[in-house]
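Numbered by the UniProt record's numbering, the letters in the sequence shown go through residues 1 to 384 in order.
For each residue, glycine too, the CB sits at the ideal point set by N, CA and C.
Since the structure comes first, as structure tokens, the remarks are kept for the end.
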Amino acid sequence: MLQQVVKEGFRLVYEKNFLIGGFWTHGRVGGTSGHSFDLMALDSNAVIGRSGSLLPHFTPFPSSDFRGVNLFSQNLLETEDMSNPYVFPPFGLVGPVLEFFYSFQIPLTIVVPELFDNDVSFLFFQRLPRVPKLFTPSVACPKCSYANDELFRFCQQCGYVRKDVQEHGTGGPSKKLEVDKSKISERLAQLSQHRGSLRYVKQKTALGCEFVNFLSHLATPKMLASALPEDVTAFLVWKDRGGKRRVHLPECLHLFSQNASTSFCGCPKRLAFGTVDALIGKLRAIFAEHGRGTEWQSILNFGNPAADRSVKRYLVDVREEQLKARVVPRQADPIFQGDLVILARHIHFKMLHCATLTPSQIYIFARDQAMFKVLFFAGDRAAD
Numbered sequence: 001m002l003q004q005v006v007k008e009g010f011r012l013v014y015e016k017n018f019l020i021g022g023f024w025t026h027g028r029v030g031g032t033s034g035h036s037f038d039l040m041a042l043d044s045n046a047v048i049g050r051s052g053s054l055l056p057h058f059t060p061f062p063s064s065d066f067r068g069v070n071l072f073s074q075n076l077l078e079t080e081d082m083s084n085p086y087v088f089p090p091f092g093l094v095g096p097v098l099e100f101f102y103s104f105q106i107p108l109t110i111v112v113p114e115l116f117d118n119d120v121s122f123l124f125f126q127r128l129p130r131v132p133k134l135f136t137p138s139v140a141c142p143k144c145s146y147a148n149d150e151l152f153r154f155c156q157q158c159g160y161v162r163k164d165v166q167e168h169g170t171g172g173p174s175k176k177l178e179v180d181k182s183k184i185s186e187r188l189a190q191l192s193q194h195r196g197s198l199r200y201v202k203q204k205t206a207l208g209c210e211f212v213n214f215l216s217h218l219a220t221p222k223m224l225a226s227a228l229p230e231d232v233t234a235f236l237v238w239k240d241r242g243g244k245r246r247v248h249l250p251e252c253l254h255l256f257s258q259n260a261s262t263s264f265c266g267c268p269k270r271l272a273f274g275t276v277d278a279l280i281g282k283l284r285a286i287f288a289e290h291g292r293g294t295e296w297q298s299i300l301n302f303g304n305p306a307a308d309r310s311v312k313r314y315l316v317d318v319r320e321e322q323l324k325a326r327v328v329p330r331q332a333d334p335i336f337q338g339d340l341v342i343l344a345r346h347i348h349f350k351m352l353h354c355a356t357l358t359p360s361q362i363y364i365f366a367r368d369q370a371m372f373k374v375l376f377f378a379g380d381r382a383a384d
């Protein structure tokens, strides 16, 4: 047994029992003029109108008499013969069909199973944004071995009630513990304050604020929770405006000069690829702190966008561009033995001929001279 649901002015009107003895009683539905369009049909089972010919209809694939393919891809406001449409959808598509028509404000006749009990209002839910559903670990029910969610309380198959830890017992009385939440909060605040005073943390916080501000000024404003890899790449390109490393074009006259990186010309200035690498690392840490994980899941389109392959490819392209333009990382000038002799003589002269030196300053000069000589002859750098 089926029922008819006529949506007139978006007021649901029901008329039951229009299938009598398995035969379609067409006069019971469609009004005096009959239906004007069959929304989901094939050429072989489309409804015949009052005129005796097939109604215009949408099909799942192109055919000889179709008006269009796929109901959900059509703009019904631009489609003719939508004065009194009819649809007999699969039962699983009753909700999507009603929601689709609700967006166009078009009355229709829809056939639904009687199991809805004359109430399909539950199909019109509040519109909410879709979010990706991540994988949840499963555990086996000890009674039927059905795979339930890890934090299940009742088995979905046999109804087994999961026991609490206290019900199993520990074999002895539990000790009374004193928990001072104020001291715990004070200690955590102290560590947080110390962490926030570090130079790297300050740079990362400033970069995070700048990135959030950049996302809010896009054509489609976004937040950290909705940022994508292309947004990270666009931010890195936008940051190039503050670069100080001149990247010479192939036709530039200063390309092969000795001071190619500092020569004055019209070539653009870019961020050094080492700086770009550091920015990507800080952005990955920022996303990880905001719950975006450490890796980008391209299948789910979710995760840490700064870890996507497109961002890594951008870094590789920047590095190759700057190496081809003869841009190399800056390094400290080496100190040779002649430089060390001049430096040691200068310190020795200060210690012997400067009468205004305090004992502390004399100690500092002697310490520096010894350190320079030891580091030079040991072959190690001060940062090793």
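Checklist entry - Anyone know if the C-beta pair for R292 and N304 falls short of 8 Å? => result Within the sequence shown, the letter at position 292 stands for residue 292. Within the sequence shown, the letter at position 304 stands for residue 304. Yes, the Cβ-Cβ distance between R292 and N304 is below 8 Å.
Checklist entry - Under the DSSP definition of a beta bridge, which residues are partnered with L375? => result Position 375 of the sequence shown holds residue 375. For L375, which the question treats as bridged, DSSP gives no partner whatsoever.
Checklist entry - For residue 419, which residues from the same chain have a beta carbon less than 7 Å from its beta carbon, with the 5 sequence-adjacent residues on both sides left out? => result Any answer about residue 419 is impossible in this case: the structure gives the chain only from 1 up to 384.
Next on the checklist: Please report the distance separating the alpha-carbon of A227 from that of D277.
Outcome noted: Position 227 of the sequence shown holds residue 227. Position 277 of the sequence shown holds residue 277. When only Cα atoms are considered, A227 and D277 end up about 19 Å apart.
Checklist entry - On the three-state DSSP scale, how would you describe T109? => result As a working mapping, residue 109 is identified with position 109 in the sequence shown. Strand at T109.
Item to check | Unbroken beta strand (DSSP E) run spanning V161, endpoints | outcome: Here residue 161 refers to the residue found at position 161 when the sequence shown is read from its first residue. Per DSSP, V161 belongs to no beta strand (DSSP E) and is neither H nor E.
Item to check | Separation of P132 from S83, as counted between CA atoms | outcome: On the sequence shown, residue 83 is found 83 positions in, with the first residue counted as 1. On the sequence shown, residue 132 is found 132 positions in, with the first residue counted as 1. Answer to the nearest angstrom: the Cα atoms are 39 Å apart.
Item to check | Span separating the alpha-carbon of G338 from that of A355 | outcome: Here the question's residue 338 lines up with position 338 in the sequence shown. Here the question's residue 355 lines up with position 355 in the sequence shown. Near 27 Å, if we compare the C-alpha coordinates of A355 and G338.
Item to check | Nearest-angstrom Cβ-Cβ length linking H57 and T109, presumed shorter than 8 Å | outcome: Residue numbering aside, residue 57 sits at position 57 when the sequence shown is read from its first letter. Residue numbering aside, residue 109 sits at position 109 when the sequence shown is read from its first letter. Their Cβ separation, rounded to whole angstroms, is 14 Å, which puts H57 and T109 out of contact at 8 Å.
Item to check | Of the listed residues K181, F135, V47 and N70, nearest to Q297 (C-alpha basis) | outcome: On the sequence shown, residue 297 is found 297 positions in, with the first residue counted as 1. Answer by Cα proximity: F135.
Checklist entry - Measuring CA to CA, which of F72, L340, G242 and Y314 is closest to P96? => result Position 96 of the sequence shown, counted from the first residue, corresponds to residue 96. Nearest option by C-alpha distance: F72.
Checklist entry - Excluding sequence positions up to five away, which residues of its chain have a Cβ less than 8 Å from the Cβ of D308? => result As a working mapping, residue 308 is identified with position 308 in the sequence shown. Only P229, V232, W296 and S298 meet the Cβ criterion.
Next on the checklist: So, with DSSP's three-state summary, where would you put G196?
Outcome noted: Indexing the sequence shown from 1 puts residue 196 at position 196. Reduced to three states, the DSSP call for G196 is helix.
Next on the checklist: I'd like to know whether the C-beta atoms of A285 and K202 end up nearer to each other than 8 Å.
Outcome noted: As a first step, residue 285 is located in the sequence shown; it is residue number 285 there, counting from the start. As a first step, residue 202 is located in the sequence shown; it is residue number 202 there, counting from the start. Against a cut-off of 8 Å, the Cβ pair of K202 and A285 comes out as no contact.
Checklist entry - Is the CB-CB distance between F66 and L55 below 8 Å? => result Mapped onto the sequence shown, residue 66 falls at position 66. Mapped onto the sequence shown, residue 55 falls at position 55. No.
Next on the checklist: Helix, strand or coil for K143? Go by DSSP, reduced to three states.
Outcome noted: On the sequence shown, position 143 is the one that residue 143 refers to. Coil.
Next on the checklist: Distance check for F273 and L207, CA to CA, integer angstroms please.
Outcome noted: To locate residue 207, count along the sequence shown from 1; it is residue 207. To locate residue 273, count along the sequence shown from 1; it is residue 273. Going by the C-alpha atoms only, they are around 17 Å apart.
Next on the checklist: One question on the structure: do P137 and E150 come within less than 8 Å of each other, judged by their Cβ atoms?
Outcome noted: If you number the sequence shown from 1, residue 137 lands on position 137. If you number the sequence shown from 1, residue 150 lands on position 150. Contact flag set, yes.
Checklist entry - Enumerated in chain order, which unbroken segments of the alpha helix (DSSP H) with a length of 4 residues or greater are wholly contained in the UniProt domain "ALOG" (199-334)? => result Whole alpha helix (DSSP H) segments, 4+ residues: 199-216, 229-239, 273-289 and 309-324.
Item to check | Residue nearest to D43 in terms of C-alpha spacing, selected from S51, T59, I280 and L352 | outcome: Translated into the one-based positions of the sequence shown, residue 43 becomes position 43. Out of S51, T59, I280 and L352, T59 has the C-alpha closest to the C-alpha of D43.
Checklist entry - What's the gap between the Cα of Y363 and the Cα of A344? => result By one-based count along the sequence shown, residue 363 stands at place 363. By one-based count along the sequence shown, residue 344 stands at place 344. When rounded, the distance between both Cα atoms is 15 Å.
Next on the checklist: Can you look up P90 in the DSSP assignment and give me helix, strand or coil?
Outcome noted: Residue mapping note: residue 90 aligns to position 90 of the sequence shown, counting from 1. It is coil, neither helix nor strand.
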